[in-house]
Every structure is written in structure tokens, then in C-alpha cells.
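S.K.: So the sequences go chain by chain: C and S. Counting from -15, one number per residue, gives the positions in the first sequence under the working numbering. Counting from 982, one number per residue, gives the positions in the second sequence under the working numbering.
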Amino acid sequence: MNALSLRNLKKTYNNGFEALKGIDLEVEAGDFFALLGPNGAGKSTVIGIISSLVNASSGSVSIFGHDLSREQAKAKSCLGLVPQEVNFNQFDTVKNILLNQAGYYGTPRKLALQRTEYCLKQMDLWDRRDTVSRRLSGGMKRRVMIARALVHAPKLLILDEPTAGVDIEIRRSMWNMMQEVNQQGTTIILTTHYLEEAESLCRNIAIINHGRIVENSDMASLLARLHVEHFILDLARPITVAPVIEGCHIELITDKTLAVAIPKEHGLNKLFSQLTAQNIEVTSLKNKTNRLEQLFMDLIDSNPTGVQR
Amino acid sequence: MNYCIALKTIVTKEIFRFIRIWPQTLLPPAITTALYFLIFGKLIGDRIGTISGASYMDYIVPGIILMSVISHSYANVVSSFYSSKFQHNIEELLVAPIPNWMILSGYVSGGIVRGLLVGVVVALISLLFTDINVNNIAITLTIAVLTAAVFALAGFINAILAESFDDISIIPNFVLTPLSYLGGVFYSVDMLPGVWQTVSMGNPILYMINAFRYGLIGVTDIDIQLSFLITGGFIVTLTLFSLYLLHKGIGIKN
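1) Please decide whether Gln85(C) counts as near chain S, where near means a Cβ-Cβ distance under 8 Å.
2) His117(C) touches chain S at which residues, Cβ-Cβ below 9 Å?
3) Would you tell me roughly how many angstroms separate the C-alpha atoms of Val1170(S) and Ile1046(S), rounded to the nearest one?
4) Taking only beta-carbon positions, decide if Ala25(C) is within less than 8 Å of chain S.
5) When the Cα of Met982(S) is compared with those of Asp108(C), Tyr88(C), Leu255(C), which residue comes out closest?
6) Pick from Asn1116(S), Leu1173(S), Val1180(S), Leu1134(S): whose alpha carbon is nearest that of Ala1035(S)?
7) According to DSSP, Pro247(C) sits in a beta bridge with which residue or residues?
8) Measuring straight from C-alpha to C-alpha, what distance separates Ile996(S) and Ala96(C)?
9) Please list the terminal residues of the continuous beta strand (DSSP E) segment that includes Phe17(C).
10) I'd like to know if Ile1149(S) contacts chain C, where contact means its C-beta is closer than 8 Å to some C-beta of that chain.
11) From the DSSP output, in three-state form, read off Arg99(C) for me.
12) For Glu995(S), which residues in chain C fall below 8 Å Cβ to Cβ?
13) Please go through the same chain and pick out, in chain order, the residues whose beta-carbon is closer than 8 Å to the beta-carbon of Phe1239(S), but skip the five residues on each side of it.
14) Closer than 7 Å by beta-carbon distance: list the chain S residues that pair up with Ser36(C), in chain order.
15) What residues match up with Ser201(C) in a beta bridge as DSSP calls it?
16) Do you know how far the Cα of Gly1196(S) is from the Cα of Ser53(C)?
17) Alpha carbons only, please: which of Val70(C), His250(C), Ala245(C) is nearest the one belonging to Pro146(C)?
18) Nearest to Gly1199(S) by alpha carbon, out of Ile1041(S), Lys994(S), Pro1010(S)?
19) To the nearest angstrom, how far is it from the Cα of Met203(C) to the Cα of Ala59(C)?
20) Does Ala1104(S) pass the burial test, meaning 16 or more other C-beta atoms within 10 Å, or should it be called exposed?
21) Since Lys1234(S) meets chain C, which of its residues come closer than 7 Å, beta carbon to beta carbon?
22) Thr224(C) by DSSP, collapsed to three states: which one?
23) Using a Cβ-Cβ distance under 8 Å, would Met982(S) count as near chain C?
24) Within this structure, are the beta carbons of Ala131(C) and Met107(C) separated by less than 8 Å?
25) With DSSP as the reference, please indicate the residues paired to Asp144(C) in a beta bridge.
26) For Ser61(C), go through chain S and note every residue whose CB falls closer than 9 Å to its CB, in chain order.
27) Label Val165(C) either buried or exposed according to how many other C-beta atoms from any shown protein chain fall within 10 Å of its C-beta, with 16 as the threshold for buried.
28) So with CB distances below 7 Å, who are the chain C contacts of Asn1070(S)?
29) How close, in whole Å, do the beta carbons of His136(C) and Thr91(C) come, if the pair is a contact with beta carbons under 8 Å?
30) I want to see whether chain S comes within less than 8 Å of Ala57(C), judged by CB atoms only; does it?
31) From Val1102(S), Leu1173(S), Gly1164(S), Ile1124(S), pick the residue whose C-alpha is nearest to that of Gly1183(S); which is it?
32) Is it buried or exposed, Phe1155(S), if we count other Cβ atoms within 10 angstroms and call 16 or more buried?
33) Thinking just about the alpha-carbon of each residue, which of Ser1150(S), Gly1022(S), Arg1194(S) is nearest to the one in Thr1111(S)?
34) Check Lys254(C) in the structure and name its three-state DSSP category.
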């Protein structure tokens, strides 16, 4: 069953800007799905329409088989949203924010209290339940928004850049939380600018550019398309000229650091052998860019006008 | 989906909001109206004599109570809904499976409760200056609730259309206050020259205040049935317009 189904979704704003030019997208139940795209590509508009914050110009949205315009209550009940910006009442306590949210979804008080406790404990916020939300740190506010979105036990959770602006430690702990939520059966749609995040968490991916889907496939197939990988090599001894190896592009960054672009079929073992033959000893290696980031840039650059592929 | 729980949640949230900030919401009308009663009712009123057989103090009590109901039912909804828009937490309601009529009912109920609560506070203050024997409790309460509903709805529309905090103070300052003062709070419309009597008939607040005054002390310049008809007409019109705005998402959706 599809958790989400978008059919020919179009949106033209009042100022004439055509944000979506016909989006077709399906997300399977249980998936951890990445929706990526550069700024202004139309991601927020798509999410806005799915979550009823933006009116679509045409097209249809179906959430777990419920059409958003015809079975609004049923469709909305399946959805939880974590928006980009903090949007809860900053004068309310953490606990009240969740209890109110549960109430909006018709959750009886006793169950709402249980769900609130469960979600706050899951997000490691139970100790802060009586804190007025404006006194929380940025990372805690983000976790409150996730807890709030989960309190009515949605089947589909949309996370719109949930880790933007949080430090790496909190980001990693949020990744674990998201994976846990997904493993418990909640379908997750994630938008993020941290492509490492999408690569680590998501099984399927769609890339949107200029209001159109320019890529929609599973993460493994997409990454398999990467023909050239980029590495940074640290050397044991300084060199003055970059070595020349056929099929590879090598740049000298510092006297002890090389940037290498190597075709997948070339293989790292062969590269190391060729470097050793030139008396160059490699002490460590790391990816120059995240693999998905590289593909993302390739797709965006090759589709400057968003032509559908 | 249990809609009763959703509605109860919105109404409770709205009531707790103004109770939490009671020094801003419930205390000022007590002080302001006590000064009205002291200055206009006691000091000046004693020199005016009677209007339609009622002492001046008794005559102005209903108008001052209803004027407080009007301004506070309006202020509650306009400030609460606009703040929700400004902080974006209105999105919590828009994303949730709550029908538009329920969002409207929740906010309007909050406005009515605050308006009536302030009305009770002002009525209690008036008892320090005069004794009021209620003429018709049913008319008094009904017109108070209906008037609060009219202005809670008006506040809701103002909040939806407002794009800045300036926009939510323009109507109360430049429309609501003059209409309230010119709505026969402090005088009988019969005291006005002919042309101004006719002009006053275009002021809806005049009808509400007179109906309330009739309910409280049995004195009115206006036909009570007409007052209820006009008040009901405003409720229907403003409700339909509010639902239209919510349906179209004007001011709250892109």
C-alpha cells in the first residue's frame, strides 16, 4: 500500500510563480524516503500541500488511500508534520504542547497523557515536560516538534529539515530516533540539505528541481550510477609534483595531500600499487565529498531547467 | 475522530490563555469601569437627573457592561488568533483533522467566555455604586451572549485579514470604540437632534445596548425584536464570511 500518492500536483502562486509543474510521486508504506532538491525547487510547496498549509492549484494527494480533498479528516489523521521552523506556542509548557496536539486529533485525555509521556521519553524530554518551551535549547525545540508530531501516532511522518542548525551530536541522536520511529512502522519522508543524512537513513529518494521530479529511485541504484569517486589521500612523505596515473585525475593540494578522481572500475588496490611504484606511500584516505552529494550536484547541474527524466 | 475532544481542547486552550494573563485581561476593565461609574455615574450623573425614569447611574450601567463585553470578546479573538498566525502555531490546527467550523467555534467560544467574564466583573463593580434589579434575566443573558458572539466573530475576521500588529489595533481604536461610545451608552438616542437620531440608527451597537438595557432595567429606545433580529443577522453574516475566509485559506494559507 502507498503511504503517499501525488498525482499531477501543480501549484502556481498568486504572483504567477509556478512552483510545481506536475509532480507524480508514490511512497510505499514503511519506507524511509528522501525528498531532496536545491533551495526554491518546490520541496516546501509539496510538503505544504500534503499537510494542508498550501492550497494546490490542481492535482491530487492521497494519504494511505484517503484522498486529501474528499476524505480530509481520515487523510489528515494519518499525517504528522515536523516543520522547518519552530511553530509551537513558545509560552506553553512542553507537556501542554503535546497534550493540545493530541486533543486536536481527538485523542481521549487518558490516552493523550500516556502518549505524551511515551513520546517525551522517546525524545529524551520527559525531565523537561514542565519547562516553558521558549526556555529550551534549539536542539530540544526540534525534539519537541518531533515528539509533538508523533503524539497522535501518525502512520506517515514528514520531517522538513529536522536537523537544520543542530550540532553533530544532536543530529546523530536524532538520526537514531528517526530510525527507531521508522522501525516501529511509521513511514517517514525526510527533506534535508545534509545529503549524508539522506544517504545514511533513506531507502528511496526523489530529487525535485524547478518544480519537477528529476530523479526517483532507490538509494542503492542511484549510488550505483556513480562512475567516478573522489578521495583525499594523506601521504607519508612530501612530494613536489602530482603523480600521473592513466585513467585517474590527481591534483596536489599540499605537499603531503592528494585529491584523486578515480573511475570505479579502476579500483583502489590498483591505485595504491601504482602510487607505491612511484615511491608514494599513502597513510590515510577519506571521501572528498559525500557520494550522494556528488550525484545530487550532477543531477541538478544536468537539469538546469528541470526537464523530467 | 472525536470532534468533541478537539473542540474542547481549543476552547480550554483559549480560556486558559486569557486566565493565565489575567492582569492584562480581567483586571483593567474592573479599574476603568469603576472610574466610569465614579465620574460619570456618581459625580456628573447626580446633576443630570433621570433618563426614561431611571437614575443616570442605573441608565449607564447596562451600556458600560455591554461595552466591556464587546471590547473584550473582540480583543480576545483578534489577539489570540493573530498571535497564533504570527508564531505560526495556527499550523497545528490547519494540519490537524479539524473542520473549519470547529476552529471558528473554538476561538469564538473563547472570546464569548472572556467577554461574559469581563461583563460579570464590571457588573459586580457596578454593585458598589447602585442596586440593579434585573428586569428580564433571559433577555439580558441572551443578548449578552449574542453580542459577545458578534464581536468575537468580528475579531476573528480582523485577525485573519491582518498582516501586522497595527492591523489588529486599527478596528478597535477607530471603529469599535467610537461606535460603542455613540451607541447610547451614556445617553438616550431621543436626546439627539433629528438627523443624528437617524444616523445613530445605522449603528448596530445601539440595538444591542438597548436590548441589554431593557433586559437589565426595563428601559429601551429601540424595539427589542428588531435588536435581536439585527444581532442574529450579524452573527449569520459574519459566521458565513469567516467560514469562507477559512475555506479559501485567505490570510492563513499560501
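Positions of the beta carbon are idealized from the N, C-alpha and C atoms, including for glycine.
M.R.: On the basis of the supplied data:
1) For the purposes of this step, residue 85(C) is identified with residue 101 of the first sequence, where counting begins at 1. Cβ-Cβ to chain S under 8 Å: yes for Gln85(C).
2) If you number the first sequence from 1, residue 117(C) lands on position 133. For clarity, residue 117(C) is Ser in the given sequence; the question names His instead. What Ser117(C) touches in chain S: nothing, since even the nearest Cβ is about 10 Å away.
3) In the second sequence, the residue the question calls residue 1170(S) occupies position 189. In the second sequence, the residue the question calls residue 1046(S) occupies position 65. Straight-line Cα distance between these residues: approximately 18 Å.
4) Numbered from 1 along the first sequence, position 41 holds the residue referred to as residue 25(C). For Ala25(C), the answer is no, since every Cβ of chain S falls outside 8 Å of its Cβ.
5) For the purposes of this step, residue 982(S) is taken as residue 1 along the second sequence, with counting starting at 1. Checking every option, the nearest Cα to that of Met982(S) belongs to Tyr88(C).
6) Along the second sequence, one-based indexing puts residue 1035(S) at 54. Among Asn1116(S), Leu1173(S), Val1180(S), Leu1134(S), the Cα nearest to that of Ala1035(S) is on Asn1116(S).
7) The count along the first sequence starts at 1 and reaches residue 247(C) at position 263. Beta-bridge pairing links Pro247(C) to Val212(C).
8) Translated into positions along the second sequence, residue 996(S) becomes position 15. Translated into positions along the first sequence, residue 96(C) becomes position 112. Those two C-alpha atoms are separated by around 20 Å.
9) Position 33 of the first sequence, counting from 1, holds the residue named residue 17(C). Start and end: 16 to 20.
10) Numbered from its first residue, the second sequence carries residue 1149(S) at position 168. Output row for Ile1149(S): interface = no.
11) Within the first sequence, numbered from 1, the residue matching residue 99(C) stands at position 115. Correct three-state label for Arg99(C): helix.
12) By 1-based counting over the second sequence, the position of residue 995(S) is 14. Residues of chain C passing the Cβ test: none, with the nearest at roughly 11 Å.
13) Absent from the model: residue 1239(S). The displayed extent of chain S is 982 to 1235, so no value can be given.
14) The sequence position of residue 36(C) within the first sequence is 52, counting from 1. Here the neighbours are Leu1075, Val1076.
15) If you number the first sequence from 1, residue 201(C) lands on position 217. Ser201(C) is bridged to Ile189(C).
16) Taking the first sequence and counting its residues from 1, one reaches residue 53(C) at position 69. Taking the second sequence and counting its residues from 1, one reaches residue 1196(S) at position 215. About 47 Å.
17) Taking the first residue of the first sequence as 1, we reach residue 146(C) at position 162. Ranking Val70(C), His250(C), Ala245(C) by Cα distance to Pro146(C) puts Val70(C) first.
18) Position 218 of the second sequence, counting from 1, holds the residue named residue 1199(S). Out of Ile1041(S), Lys994(S), Pro1010(S), Ile1041(S) has the C-alpha closest to the C-alpha of Gly1199(S).
19) One-based indexing of the first sequence puts residue 203(C) at position 219. One-based indexing of the first sequence puts residue 59(C) at position 75. Cα to Cα, Met203(C) sits roughly 28 Å from Ala59(C).
20) Within the second sequence, the letter at position 123 stands for residue 1104(S). The residue is buried, with at least 16 neighbouring Cβ atoms inside 10 Å.
21) Reading the second sequence from its first residue, position 253 is the one you call residue 1234(S). Residues of chain C passing the Cβ test: Leu37, Val38, Asn39.
22) Translated into positions along the first sequence, residue 224(C) becomes position 240. In the structure shown, Thr224(C) sits in coil (DSSP, three-state: anything other than H, G, I, E or B).
23) One-based indexing of the second sequence puts residue 982(S) at position 1. Yes, Met982(S) counts as interfacial toward chain C.
24) Translated into the one-based positions of the first sequence, residue 131(C) becomes position 147. Translated into the one-based positions of the first sequence, residue 107(C) becomes position 123. Yes, these two residues count as a Cβ contact at 8 Å.
25) Here residue 144(C) is taken as the residue at index 160 of the first sequence, counted from 1. Asp144(C) pairs with Thr175(C).
26) In the first sequence, the residue the question calls residue 61(C) occupies position 77. By Cβ distance, chain S contributes Met982, Ala1077, Pro1078.
27) As a first step, residue 165(C) must be located in the first sequence, where it is residue number 181. Val165(C) comes out buried.
28) Here the question's residue 1070(S) lines up with position 89 in the second sequence. Neighbours of Asn1070(S) on chain C, chain order: Asn71, Phe72, Asn73.
29) As a position in the first sequence, residue 136(C) is number 152, starting the count at 1. As a position in the first sequence, residue 91(C) is number 107, starting the count at 1. Yes, they are in contact, since the Cβ atoms of His136(C) and Thr91(C) sit about 6 Å apart, within 8 Å.
30) Taking the first residue of the first sequence as 1, we reach residue 57(C) at position 73. Taking Cβ atoms only, chain S reaches closer than 8 Å to Ala57(C), which makes this a yes.
31) Position 202 of the second sequence holds residue 1183(S). Of Val1102(S), Leu1173(S), Gly1164(S), Ile1124(S), the residue nearest in Cα terms is Gly1164(S).
32) Position 174 of the second sequence, counting from 1, holds the residue named residue 1155(S). Classification of Phe1155(S): exposed, given that the 10 Å Cβ count is below 16.
33) The count along the second sequence starts at 1 and reaches residue 1111(S) at position 130. The shortest Cα separation from Thr1111(S) among Ser1150(S), Gly1022(S), Arg1194(S) belongs to Gly1022(S).
34) To locate residue 254(C), count along the first sequence from 1; it is residue 270. Three-state result, Lys254(C): helix.
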